[in-house]
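There are 2 protein chains.
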Amino acid sequence: MPRAATTSDVFNAVAEDKRRQIIDLLTNGREWSVGEIVVNLGLPQPTVSKHLGVLRTVGLVEVRKDGQSRLYRLNAARIKPVYDWAKTFEQHWTTQLDRIKARAERSAAVAKETKQPVTPAKEKL
Amino acid sequence: MPRAATTSDVFNAVAEDKRRQIIDLLTNGREWSVGEIVVNLGLPQPTVSKHLGVLRTVGLVEVRKDGQSRLYRLNAARIKPVYDWAKTFEQHWTTQLDRIKARAERSAAVAKETKQPVTPAKEKL
DNA sequence: TTGAAATATTCTATTATGGGAATATATTAA
DNA sequence: TTAATATATTCCCATAATAGAATATTTCAA
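Chains as they are written, first to last, in our numbering: chain A, 108 to 232; chain B, 108 to 232.
Next comes the structure, spelled out in structure tokens:
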């Protein structure tokens, strides 16, 4: 069995770097024509069109016709599942940072008392 | 050129559903042996080992030997880039929800005044 | 109507994937 | 040492993805 299709869900669609670049471009809220995206990212036009096709399939972007242009806009709500999933782990790195900070403060306090240089503890991030 | 390797970054590693299932299992902070993961997810042992290999390569999990078992633990900090990226768009759906809520409140107020039944406005989520 | 501009689609070649089955490796117990 | 337990690795297969080039489609303008 091959990898799940890029169009199967937002996680897969968003795994591709250039698609995230396109999404990031559209973040400012305004509509972008394909040509503008092409110029801005420096990618071949067919490449951009194909990536936009994937993003459209999973509902991450929407299109509107305007003459011979196609104007794309972001549908950011589709990113929420990714956010919700990642947010589940938020406490892990914040508490980790808290521990590091607390340790640093203790070290500083001890160093101040003993007038010894501070040897930073190794801690994995 | 094929798709970027699943081991190339966290976004790609996490795109696979079963790998997210494994990650979710490890969320509780304690260590899990491969066998426990196998039982809990109902997947073949080689499948689990292979997915764990991908997660290990990108640093999402870490292993420790314990007799003939291998105990895996989550390294949640690696998920932060995904969180940070998704968080960029947080305002988009919160403001959208705000608009929906505000509209609902206006409708309710009007309905109360006019004693008319409320017709909910259609709005894309 | 013909041409140009903007975008989408098709085709080819390369390649990593994930499942399944089988097997290898490592560690402990008898 | 041998057996059993736990985990990892290898092999095969069918599949889908991406880039690139070429071409098709759509729309507007002359």
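C-beta atoms are modelled at their ideal positions from N, C-alpha and C, and glycine is treated no differently.
At least one C-beta of chain B is nearer than 9 Å to the C-beta of residue 113 (chain A). Rounded to the nearest whole angstrom, the C-alpha separation of residue 142 (chain B) and residue 152 (chain B) is 7 Å. If you look at residue 143 (chain A), you'll find it isn't in any beta strand (DSSP E); it sits in the alpha helix (DSSP H) that goes 141 to 148.
Taking 9 Å as the Cβ-Cβ cut-off, the stretch 146 to 168 of chain B has no residue approaching chain A. In the three-state reduction of the DSSP assignment, residue 165 (chain B) falls in the coil class. In the same chain as residue 125 (chain A), and ignoring 5 residues on each side of it, the C-beta atoms closer than 8 Å to its own belong to 148, 150, 154 and 158, in chain order. DSSP links residue 173 (chain B) through a beta bridge to B:176. According to DSSP, residue pairing for residue 181 (chain B) in a beta bridge involves B:168. Secondary structure note for residue 109 (chain B): it is in no alpha helix (DSSP H), with a DSSP letter that is neither H nor E. Counting every other CB atom within 10 Å of its CB across the protein chains shown gives residue 172 (chain A) a total below 16, marking it as exposed.
Residue 179 (chain B) is not a Cβ neighbour of residue 193 (chain A), given a cutoff of 9 Å. Under the Cβ criterion (8 Å, minimum of three pairs), the stretch 126 to 136 of chain A counts as touching the stretch 161 to 171 of chain A. Scanning chain B for C-beta atoms nearer than 9 Å to the C-beta of residue 126 (chain A) yields nothing, as the closest lies near 10 Å away. A straight line joining the alpha-carbon of residue 110 (chain A) with that of residue 132 (chain B) spans about 22 Å.
Rounded to the nearest whole angstrom, the CA to CA distance from residue 137 (chain B) to residue 198 (chain B) is 34 Å.
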